[in-house]
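The structure under discussion appears below in the form of structure tokens.
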Amino acid sequence: MNCTKIRQHLHSLVAGEAPQSLCVLLNQHIQACPDCAKELQLAEEAYRLLSEAQPVEPVPQFGAAWRSRLRSEAAQRPWNAPAARRWRFPAFRPLLPVCGVAAIVIIGLALNSLRIQQPVAKLATKESAPAGKVQVLRRSVAAAPDQAIYRVEIIDFGPRNKRVQKIARDFRANYGDGTYYAMRNETVSLTTFSGLSYEAALELRAALEEAGATVRVETESRQ
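Residue numbers (our numbering): 7 to 229.
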């Protein structure tokens, strides 16, 4: 037998329940195996402690008192009521309508704040414009009079100068309106596209930033 099989029969050996033939095999292995001999000592100590333990007599009134308590709690709990009517914390039940109204107000304020701030938050950047000649491209806005208009400023053309110039010219050609002035030094000058709708400003900003330019977007008042 290997050690695993031997240790499975140690409890039978300690309790005196193992057959004589099994006892011979177990003792032979234990005499030659220090690890199994140590396991046998632990089993004998545990068996001795269990045999010395005093049995605990049950309290006669315990069973009756426990059953009485269970019956009392079962009678007070509305088990036949629908699950939705069972409230684990009755003290907080009067606060439910107040909590519901407060939640509706908070959600409404949050949605209104997001609706107001989302266009500017998506478009605004932290860059400041350097001094220099301002190139202007204006286009009419096909949006409702009460909608905001935006101004896109190219602050830095970045390493892909020609790519940024091409995007600016293509944008002018696609949207058509306004005046586009030739730039003497596009790496340091500022190009401004004003009077843009939110969608147009977002489209232009995405294309310019993808090309490596630094862009600032701001809202502007209608003239």
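Here a beta-carbon is modelled for each residue, glycine too, at the ideal position from N, C-alpha and C.
Per DSSP, the unbroken alpha helix (DSSP H) holding Glu58 starts and ends at 40-58. Here the C-alpha atom of Ala174 lies approximately 20 Å from the C-alpha atom of Glu226.
As DSSP reads the structure, Thr10 sits in no beta bridge.
Contact between the segment 75-82 and the segment 44-53 is absent, with fewer than three C-beta pairs closer than 8 Å. The beta carbon of Ala219 sits closer than 6 Å to those of Ile160, Phe163, Gly164, Val170, all from its chain and outside the five residues before and after it, given in chain order. Distances from the CA of Val20 to each of Pro40, Leu55, Asn8 were compared; the closest alpha carbon is that of Leu55. According to DSSP, residue pairing for Leu202 in a beta bridge involves Tyr156. The Cβ atoms of Tyr156 and Leu117 do not sit closer than 7 Å to each other. Arg178 has its alpha-carbon roughly 16 Å from the corresponding atom of Tyr204.
The beta carbon of Cys29 sits closer than 7 Å to those of Leu19, all from its chain and outside the five residues before and after it, given in chain order. Secondary structure at Arg166: coil, using DSSP grouped into helix, strand and coil. Taking 7 Å as the cut-off, the Cβ atoms of Leu16 and Ala38 do not count as close.
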